[in-house]
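Chains A and B, in that order, are what the protein sequence lines are. For the first sequence, my numbering gives the first residue as 8, with consecutive numbering after it. For the second sequence, my numbering gives the first residue as 237, with consecutive numbering after it. We put the CB at the ideal spot given by N, CA and C, even for glycine. The model shown is predicted, which means the values in this text are computed figures rather than measured ones.
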Amino acid sequence: MIIKHLKGWALAAILAVSAPVLAQDAPSADEGKKLYEANNCGSCHALDKKVVGPALRGVTDRRSEEWLIQWIRNNEKFRKSGDADANALYEEYGGAAMNIFENLSPLQVQHILEYIKTAPAPVQEKAQTTGVTAEEDNSNSIYILLILVAVFAVVLLVLSKVKNTLLRVAAEQDPETYAEQMNKLPLWKRLLPKKLANMNTTVLSLFITLIIGLPMAGYGYKFSISEVGVQKGYAPEQPIAFSHKLHAGDLQLNCRYCHSTVEESKSASIPALNTCMNCHKGVQLTEKYNGNVSPEIQKIYDALDYDPEAKPGEEFGDNPKPIRWVRIHNLPDHAYFNHSQHVKVGKLECQTCHGPIERMEKVQQWNTLQMGWCIDCHRNAGIDAANNNYYAALHAKAASDLENNGNNSQYFGPDGKVRITPAMNGGLECAKCHY
Amino acid sequence: MSNNMKYWKGEEELNRDARFLAAQKNEFNESLPLDEVLSEDGFELNSNRRDFLKYFGFSVTAVTLAACYKTNVRHAVPYLVKPEEVTPGVANYYRSTCGACSVGCGIEVKVREGRPIKVDGSADSPISGGGLCAAGQASILSLYDTERLANPLHLGAEAKDWSELDNGIKAKLASISQSGKGIAVVSGTVHGPTTLKAISDFTAAYPTAKHVMYDAVSYSGMLDANAADFGTRAIPRYDFSKANVIVSFAADFLGTWVSPVEFSKAYGKKRRPDAEGGMNQHFQFESALSMTGTNADHRFPMKMSQERLYLSSLYNYLAQKAGATQMPVVKQGELAGNALKSAAEALWNAKGASIVVSGSNDKVSQQLVNAINVLLGNYGSTLHMDQHSKQHQGSDSELAAVLKGLNDKSIAAVIFYGANPVYNRGQEWQAAIAKAELSVSFAASKDETATVCQYVCPDSHYLESWSDAEPQAGVYHLGQPTITRVFNTRQAQLSLLTWSGAAPQIDADPFAKKGILSQKFEADPYYIYLANNWKSQGLNEAAWTKALEMGVVSGTASAASMAYSGNAVALASEVASVKADNGIELNFYAPVGVRDGAHGNNPWLHEMPDPVSKVSWDNYVALPKSLASELGIKERDTVNIKAGELMYQNVPALIQPGQANGTLAMALGYGRTAAGKVGGSVEKGFETIGFNAFNLGGGTSTVVGNVEITKGDAQYHLAQTQTHHSIEGRDIVRETTLDAFKKNPKAGNDKAATHVYTIWEKRDYRKDGSPNHLWGMAIDLNACTGCGSCVVSCSIENNVPVVGRDEIRLRREMHWIRIDRYYSFVSEESTMTREADIATADAANKGEYSHWENVQVIHQPMMCQHCAQAPCETVCPVLATTHSSEGLNQMTYNRCIGTKYCGNNCPYKVRRFNWFRYNDNDAFDFHFNNPLGKMVINPDVTVRTRGVMEKCSFCVQRIQEGKLKAKRAGKSPNEVQVETACQRACPSNAIVFGDLHNPESEISKLYRNERGFRVLDEINVQSSVTYMTKVRNTTKA
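Shown next, in the form of structure tokens:
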């Protein structure tokens, strides 16, 4: 079963690297990283963990480079040539054959090995406590304090009223003794500086209202524009506890493997379950769960009404149940956003907007997704105009402006070269996002 | 001459009617129904201060509480197994065949995530040629109509199980067939080869069964005439692209007649002064002002009852020239100004490249038309009998035989497929159907006929079905489903096959075990039947796949020659039998919107104003000025009208310029009593829209005589859009004649430049704007026929809500594009350009009003002009409307606070205000308020809420999509392909949109054209829409 799917990947991998790779002499880790991703090595391998295939870190110590090149490029041929180590390895992994990568030159394999050698070890991080929980705790205690203050204030008022009433009753009965006290200014006036205390009461109350009201209004305004409807840090429970940290971080799967439409559509799209099944038909983590399928993976099977034990051709039943993921990033209806514009044309990394997604056990909204946040980037990010024929006219205009106006030109970049931001190409105009 | 022309939009404007004058001062009818709301119990306007405080306190608290809600948790449900061809967020396009009427245009269906959201013409279809009519566009909404039956019905009760139903019907069919009684399958015109095969399988299984076709608006007269003259009962294929001279007797060939989209395309090609082989010349003879009539170069009012007479005169003029035998003149027919003679001259000069057509259902008239076309040698060049049309094949006499059979019980079972005779062939059908032992209807909703049938087996919508079509001999189209069936319906072909036992057996669904992975389409028995039928015609697997992809199967027409064997001279006695006095005549016509009424529950079509009268949501009696003044009828009056035995009371009346004296006109397709919540339903208590003109004799005849008409007691306010936006006597449309144009291409368009004042800094977007694009539009007033296809297309693309009759009466329609229609008077030799002239003429021939019969019309599509110096932008207090560097006037809904300043300041009056929240609002029950209807909403365009302005955006979502495609592929801006929705829909290619930065683009060429002018250029708003001066080919032969 796995082999069948591996074949599919191999095909995809060959297609993916059909672009010619520039030949370089020395093995380069950067080049290797690219090749590692382009060939989806991470689909079966992880650096520090046995997945479908063995963990890769230290492989260059375990095997000779020559051996590795032969194995990686065509393990089938290599095994047939009678190499004992190769056949032993094949047996060790239950006869699951590795894909054939003859499209890779020996040098390219060296690049990859160089990358494996030099790849940084993963940093163990504590699971992040999300900002929201912390804030919620804080605000709760503030509320309790405020309530207490209010209760005490009411008690104080009542007590002073009682005291005043008693005083008045006493004064009526015995005016002489209490006359002095009766003529005294009220306590709150005595507390104020003399000048204020002598002011007209109306003006004074207005003044006090302003002093209290202005900050409150200011806070209300700030709250309404920066908090209402803003869901930064929103990290809801999902129906399947899918971990991006595991898949994108530890296993280093390319984001595009699952979010495959990100370069052609406005939506990066949540992968359909057939994408999950490419791996999870085989990867069931039974070793961790006493021989049972992992409960989270089982949810995929339940959704598809899939029975891994059934006879081939009869695995799928007639009662599939789609999965209702909780949407995390919710743009309002009147804002249009297109992933392909930003990822394919703008060449942005996913992390630019989604934060360190490869470290998130549970995905949370990393940025505010407010308009100001969009605009900031549109004002400051650069357009790679030189390498896209679409921007040829724009680039020419910018270049000539730069030549004529030098560092007074709006296109003057920090390195002295042409710099074009989306804003300079109408990226701040309303109908670019609102229609 | 044209420079001084005076245009007017309606009788009210011309006569400076007081109500009109008052109304035109207010663009927005501002009076809010405050008193009404506040006069309800406890809400009196004179409430005191305490009440005010109470309400105030309550409101503040309520608002505060209402605001304390948790943000909704939203879900995302991805595919379980994503179909390979689907990319969420990216549309797929499928070729199919339009099922809105029997014309069978090839279409392209835009599908997002498995739901069709837009239908356009397919460029590879010789019938649609890439355009599509309004009814075809709107038909997508019928798919999402909640009035559709969710399950089959048996005796009015829902039956969920088809097999039980099938067994009952099969048993009855078998016993009826064995007893030798007849079974009738009554359908509209059907020309799909496989559908016909399914029907013939059925008639083979039940030998007493017979298939009968009829057209709601009948073509029987024409078909019978051709059967007599050519031996083939068919309508020829008309090639208007080769016709230099067109003479039409009341045939609305651009609007509804035979194959209007195909004809508009061809006509539009020849309608330009620079057309290959010269611009065509168009004569129209008719009673009612039809849409086609408004486009004619010469239009002559006539009484349709005298048609035979005029045709015989035309024949004789031509026979004289041809040296052929003339008909013996019994009665001489000629119109004012020797109109027929001049038409004959023009026709003779264009021998072999002309077309004469008649829209009448009179066999003799059609035979005369045939004889004239034969005299002119048009067969083989502009008319083709070998590649004849199959779009209309109905027979009135065969239908009458079925009715007779049902009544005398010789026919015991009747099955209706796309047929609704109870609505369009009279009430006697109701009683007749009740006599049948078995009655079945395939209607998708419980229509008039289905209501009286025992079984209703709902047919799937055409966008859910497999189908094929042969609109013309040798032209084959395929239709494929673009959505899984919404309801428990079954396509009619499969029902017939099931009952005849010919349905392909899918033995124990071979894919059943594969669960989620099963391929549902391939398991569709009708798909197997269809594919097998085509493959048996020699189509291999690859060719079949290719044909499905293109939607067209290339075929060859039988080249059987069809010789003319008619004899016009022999018709003399028939011509002589024409009665000279036929009293007041009532003409019937299929309106461009709802057509024959089959789309009666489609709000988009009701909302689309009639191309000529600009009335929406009603039919009415159109009457000429002379008759109106005689009866004392003014605007908002009604009439009582009696034709035959039937009398309708208080029918809205409309004084229609161009209506021939002594005639009336009334649209078919209204007065549905079982259409649904939009079109009216007696059973469910929804008000019927308009009056059913079929009952007055429409459908089978185009005209009835001796109609009695009196003024009605009631008043009725027709929802007209025509007088909403006054022209104020400005120079808005320009026109010239072909002769003048040939001398000077700037003729009619050579206004001296007016003074240009501006307080704003001059903006030049060519220089200072984006170097990538500058968008512009050009509209050819010559090519625009006024059909309204763009209006519906725009509404679908941009989620424009339907507001309904009452709101339109308050002048609150929401259409982003409207088609302005301007009348001007023509008398014999001159054009009356001033109101004073018209008033003098009125006084001079009181009672005649012949000048009222002779009007010229210009259609002008009007939408946001995207002015470079836009007056709306400068008055917006919140910068909700701004200009883009690509020359677009942007409207930002989320900024708009609804001051309406922009609408007030717009010289073109194209901005629309959302007075209500039209979606999710049961007061506007036009499909946007239920989850099913919402499926048609374009996900790339915001659904606007109450209180914001909106207007044409030049389809900015399509611009952005086109740009993004180019960016992703690294193509240059000149390679960006953008078509606006109106441009895409236009059947006559009148609208061109594009990038002015690209000097080679079509739009740049049109901007350099001498005919180009901008509306209200003198106020210096620098609009981005160029109109092409209308050129009339009034050249005398």
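Item, Value
"Alpha carbon to alpha carbon, what distance is there between Asn414 of chain A and Gly1206 of chain B?", "29 Å"
"Give the range of the beta strand (DSSP E) segment to which Phe1061 of chain B is assigned.", "1054 to 1062"
"Taking Gly1248 of chain B as the reference, which of B:Asp986, B:Ala336, B:Ala879 has the closest Cα?", "B:Asp986"
"Return the residues of the stretch 358 to 390 of chain A that lie within a Cβ-Cβ distance of less than 8 Å from chain B, sorted by chain order.", "none"
"Strictly by DSSP, which residues pair up with Val448 of chain B?", "B:Val422"
"In the DSSP assignment, what are the bridge partners of Ala983 of chain B?", "In DSSP, Ala983 of chain B forms no bridge with anything."
"Against chain B, which members of the stretch 272 to 293 of chain A pass a CB distance test of less than 7 Å?", "Ser272, Lys273, Ser274, Ser276, Ile277, Pro278, Ala279, Leu280, Asn281"
"How is Leu619 of chain B classed by DSSP in three states: helix, strand or coil?", "strand"
"Just reading off the alpha helix (DSSP H) that Trp735 of chain B is part of, what are its end residues?", "728 to 736"
"Distance cutoff 8 Å, beta carbons only. Does Arg348 of chain B sit that close to anything in chain A?", "no"
"Using a Cβ-Cβ cut-off of 8 Å (strictly less than) and excluding sequence neighbours within five positions of Ile471 of chain B, which residues of its own chain qualify?", "Tyr455, Met458, Leu459, Asn462, Val494, His624, Ser625, Gln627, His628"
"Could you tell me whether the stretch 329 to 342 of chain B touches the stretch 705 to 717 of chain B, where touching means 3 or more Cβ pairs closer than 8 Å?", "yes"
"Taking beta-carbon pairs under 8 Å, can you tell me which members of the stretch 1203 to 1219 of chain B lie near chain A?", "Lys1203, Arg1204, Gly1206, Lys1207, Ser1208, Pro1209"
"Compare the beta carbon distance of Val1062 of chain B and Asn1081 of chain B with 8 Å and say whether it is the shorter of the two.", "no"
"Please state if the CB of Val425 of chain A and the CB of Ala406 of chain A are separated by a distance shorter than 8 Å.", "yes"
"From the DSSP output, read off the bridge partner residues of Val1184 of chain B.", "Its beta-bridge partners do not exist; DSSP assigns none."
"Against Val309 of chain B, what residues of chain A qualify as contacts under a CB-to-CB distance less than 9 Å, listed in chain order?", "Pro243, Val333, Arg334"
"Where does Arg1045 of chain B fall in DSSP's three states?", "helix"
"Going by CA-CA distance only, name the one from A:Lys202, A:His402, A:Ser276 that's closest to Ala393 of chain A.", "A:His402"
"Verify whether the separation of the beta carbon atoms of Leu545 of chain B and Val814 of chain B is less than 8 Å.", "yes"
"Enumerate in chain order the residues of its own chain whose CB-to-CB distance from Val692 of chain B is below 7 Å, with the five nearest sequence positions on each side excluded.", "Leu385, Pro388, Leu389, Ser677, Ala679, Lys682, Ala686"
"Considering only C-alpha positions, which residue in the set A:Arg263, A:Ile390, A:Cys357, A:Leu42 is nearest to Asn374 of chain A?", "A:Cys357"
"As an exercise, report each continuous beta strand (DSSP E) stretch of at least 3 residues that is fully enclosed by the stretch 571 to 655 of chain B, in chain order.", "590 to 594, 619 to 625, 647 to 653"
"Whole angstroms are fine: how far does the CA of Ile364 of chain A sit from the CA of Gln135 of chain A?", "A caution first: Gln135 of chain A carries a pLDDT of 41, below 50, which makes its placement in the model unreliable, though a value can still be read off. Their backbone Cα atoms lie some 12 Å apart in a straight line."
"Considering only C-alpha positions, which residue in the set B:Leu1017, B:Gln562, B:Met1099 is nearest to Pro509 of chain B?", "B:Leu1017"
"Quick test of your reading: Lys913 of chain B and Asp1161 of chain B, contact by CB under 8 Å. State the CB separation rounded to the nearest angstrom.", "6 Å"
"In angstroms with no decimal places, state the Cα-to-Cα distance between Cys440 of chain A and Val939 of chain B.", "55 Å"
"Using a Cβ cut-off of 8 Å (strictly closer), state whether Val169 of chain A contacts chain B.", "no"
"Output needed in chain order: residues of the stretch 111 to 129 of chain A with a Cβ under 8 Å from some Cβ in chain B.", "none"
"Do His1095 of chain B and Arg1057 of chain B have their beta-carbon atoms positioned less than 8 Å apart in this structure?", "yes"
"Note down, in chain order, all residues in the stretch 1097 to 1127 of chain B with a beta-carbon under 7 Å from any beta-carbon belonging to chain A.", "Thr1118, Ser1120, Ser1121, Glu1122, Leu1124, Gln1126"
"Name the chain A residues that come within less than 8 Å of Val296 of chain B, Cβ to Cβ?", "Residues of chain A passing the Cβ test: none, with the nearest at roughly 15 Å."
"What first and last residue would you give for the alpha helix (DSSP H) that runs through Val1027 of chain B?", "1025 to 1033"
"Can you tell me which of the three DSSP states Ala879 of chain B falls into?", "strand"
"In or out: Pro746 of chain B buried (at least 16 other Cβ within 10 Å) or exposed?", "Confidence is the limiting factor: at Pro746 of chain B the pLDDT is only 48, short of 50, which leaves the residue's position unreliable and the question unanswerable from this model."
"By how many angstroms is the C-alpha of Asp632 of chain B removed from the C-alpha of Lys645 of chain B?", "20 Å"
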